[in-house]
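In what follows, a single structure is set out as structure tokens and then discussed.
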Amino acid sequence: QQQQQQQQQQQNAASQTCSEGEGQCDAATKNDKYSSDFGHFLTHDLKPGQAELMRWEDDGSIVQDYAVRVGLPPNLVPTIKAYVKDMGLLDIMTNMLYDDPLSPGEAKWFSFQSPYQKEMIAGGSSTDPIRNFTWNVERPDKKWKSDMHWFNTADELSHEEGLRVLAKGGFDQVLQGIGEKMGLDTLNVDSFGFVAVSNCDRGFIHTDWEDVDGRAFNFLIGIDSPDDAGPELIVEGDRKGEIYYGSNAGILVGDGTRHGTRECDHRAYRGVRITCSIYLSDVTSDNLEILAGDTTSIFPPTGKTAADWVWTQRGRHWSKEGGHSLVGDVGRKPYNVEDFMEGCKQQLCIRDSEGGYRNKCMKTCKVFMDDEDYKPGKERREVYGY
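For what it's worth, our numbering labels the leading residue of the sequence shown as 1, then goes sequentially.
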């Protein structure tokens with residue numbers, strides 16, 4: 001009987017999923033998947049909000065000035081995963097790569113309704129009309145050497161929904177840890193989305209931000225990874241290193257931090273690796289133009305419109321002076337949205353895969369919310385009811 005128990009324990013350890021569960025993957029199981037072609041990092045457990053610069057495992061030296069591991073609140077990943085599952089996005093992310101993949105450079109639109117609002121209506125605590133919001137999925141061009149698809153909020157209402165998810169999951173602890181560790185003045189969440197991949201022949205090593213004075217970041221959280229999968233991320237300093245996201249911490253990549261998806265192939269069993277990507281910034285007049293020019297996601301649009309909107313977000317979710325949070329979020333500053341052409345028609349808003357029509361018809365296409373509906377200065381939990 002004791003032998004059977006030992007065998008069962010070994011089987012459980014071998015099949016553990018490295019991005020799920022309450023604990024870390026078994027160290028031996030993870031080490032079996034590491035490659036001698038890569039360096040490796042110190043990955044001790046962190047408390048929620050505890051932020052530490054990434055260090056090489058062999059000599060303890062710092063990898064890069066803006067590569068950071070940050071401890072996750074225990075409810076964050078379950079909250080995010082439950083939201084996308086109840087909304088229907090999780091099934092789309094897990095099935096689209098196999099059943100209806102996009103061609104490189106192609107994009108598609110999806111309309112969703114909030115599972116939080118549906119729950120309130122079903123429980124009789126709300127009689128508000130159901131709100132519809134838009135997500136966008138695109139497949140990056142061929143240089144990525146993978147079947148990776150990007151799923152992102154595509155209008156202000158879906159963005160605001162994502163912020164409520166983060167508030168419920170305890171993301172304020174993460175913001176505080178990052179802000180204090182990186183010596184920032186303020187922080188706000190710029191965008192909320194996901195990366196899904198089943199096969200990657202070669203990780204495309206890149207930076208998300210450069211020349212932003214160390215004040216813009218991409219925070220990556222492992223949401224789902226196939227059983228017995230290998231390391232999920234490459235981070236580069238004086239050499240390339242590989243790492244598991246794990247359930248204890250997320251990876252912050254900032255100014256000039258080179259990183260990329262670790263090579264993988266989960267197609268034999270229809271596996272999909274899903275990572276949550278959360279863009280954060282400390283907006284200043286010096287970095288505003290660069291932040292507004294980011295084309296990673298379709299929302300917010302680029303150019304002066306984006307710059308005006310980004311400026312209304314500054315300092316919204318954390319401040320070194322206190323008084324700002326996701327939980328008590330009072331929204332952005334007032335913002336005037338308008339169409340830039342005549343004859344805009346709402347039914348055409350999601351037919352243009354590149355979003356050009358939407359960017360000319362922002363009011364008709366509800367890319368941004370009218371202040372009458374948005375209610376700047378009022379707590380978001382009062383505006384939306386959750």
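Glycine included, every Cβ here is placed at the ideal spot set by N, Cα and C.
A quick note: this is a predicted structure, and the numbers were derived from the prediction, not measured.
*Proximity of LEU46 and VAL68 at Cβ, strictly below 8 Å*: Contact flag unset, no.
*Quick one: what does DSSP say ASN199 is sitting in, helix, strand or coil?*
DSSP places ASN199 in strand when its eight states are reduced to three.
*asked:* On the DSSP letters alone, give me the boundaries of the alpha helix (DSSP H) that ASN95 sits inside.
replied: Note, ASN95: alpha helix (DSSP H), 89-99.
*Determine the direct distance from the alpha carbon of LEU326 to that of ASP282, and round the result to whole angstroms.*
Their Cα atoms are separated by approximately 15 Å.
*Strand pairing of GLU52, partner residues [DSSP]*: In DSSP, GLU52 forms a bridge with ARG69.
*When DSSP labels each residue in this structure, what does GLU454 get in the three-state scheme?*
Residue numbering for the chain in the displayed model covers 1 to 386; residue 454 lies beyond these limits and cannot be assessed.
*Give the secondary structure of HIS259 by DSSP, where H, G and I count as helix, E and B as strand, and everything else as coil.*
Looking at HIS259 - three-state DSSP - the assignment turns out to be strand.
_Identity of the residues DSSP links to LYS345 by a beta bridge_ = DSSP, once it has assigned bridges, lists no residue as partnering LYS345.
*Rounded C-alpha distance that separates ALA14 from VAL310*: Reliability of the predicted coordinates at ALA14 is poor, the pLDDT of 35 falling under 50, and no value is obtained from them.
_Run through the DSSP bridge pairs and tell me what LEU233 is partnered with._
Answer is ILE243, THR261, bridged to LEU233.
*Three or more C-beta pairs closer than 8 Å, one from the stretch 286-294 and one from the stretch 75-88: is that the case here?*
Segments in contact, no.
*Quick one: what does DSSP say THR134 is sitting in, helix, strand or coil?*
Here DSSP, grouped into helix, strand and coil, assigns THR134 to strand.
*Would you mind reading off the limits of the alpha helix (DSSP H) that contains SER158?*
First-last of the alpha helix (DSSP H) with SER158: 156-168.
*Between ASP190 and ASN75, what straight-line distance do the alpha-carbon atoms span, to the nearest angstrom?*
Cα-Cα distance, rounded: 21 Å.
*List the DSSP bridge partners of TRP144.*
Beta-bridge pairing links TRP144 to no other residue.
*Per DSSP, what kind of secondary structure is LEU280 in: helix, strand or coil?*
LEU280: strand per DSSP, three-state reduction.
_Please state the DSSP three-state secondary structure of PHE171._
Helix at PHE171.
*Per DSSP, what kind of secondary structure is ILE388 in: helix, strand or coil?*
Because the chain is modelled from 1 through 386, residue 388 falls outside the range shown and cannot be assessed.
*Give every residue of the same chain whose Cβ lies closer than 7 Å to the Cβ of ASP211, excluding the five residues on either side of it in the sequence, and list them in chain order.*
Excluding residues up to 5 positions away in sequence, ILE290 lie with their Cβ nearer than 7 Å to the Cβ of ASP211 in the same chain.
*Please say whether VAL70 and ILE178 have beta carbons closer to each other than 8 Å?*
Contact: yes.
_Local Cβ density within 10 Å of ILE251, reported as buried at 16 or more and exposed below that_ = By the 10 Å Cβ count, ILE251 comes out buried.
*Go ahead and pull the three-state DSSP assignment for ILE205.*
ILE205 falls in the coil class under three-state DSSP.
*Using the Cα positions of ARG55 and LEU42, report the straight-line distance between them to the nearest angstrom.*
Their backbone Cα atoms lie some 6 Å apart in a straight line.
*Put GLN313 into one of helix, strand or coil per three-state DSSP.*
Three-state DSSP puts GLN313 in a helix.
*Excluding the 5 residues preceding and the 5 following LYS143 in the sequence, name in chain order all residues of the same chain whose CB lies nearer than 8 Å to its CB.*
Around LYS143: PHE204.
*LEU175 to GLY343, Cα distance in whole Å?*
In a straight line, the C-alpha of LEU175 is about 42 Å away from that of GLY343.
*Cβ neighbours of MET120 in the same chain (closer than 6 Å, five flanking residues each side left out)*: Excluding residues within five positions, the ones whose Cβ falls inside 6 Å are SER126, GLY385.
*Tell me, which residues are paired with ILE387 by DSSP?*
The structure shown does not extend to residue 387, since the chain spans only 1 to 386, so no value can be given for it.
*Excluding the five sequence neighbours on either side, which residues of its own chain have a C-beta within less than 6 Å of the C-beta of CYS365, listed in chain order?*
Only residues of its own chain outside the window of five on either side were considered, and among them CYS349, ARG358 have a CB closer than 6 Å to the CB of CYS365, listed in chain order.
*ARG381 to ASP329, Cα distance in whole Å?*
Their backbone Cα atoms lie some 8 Å apart in a straight line.
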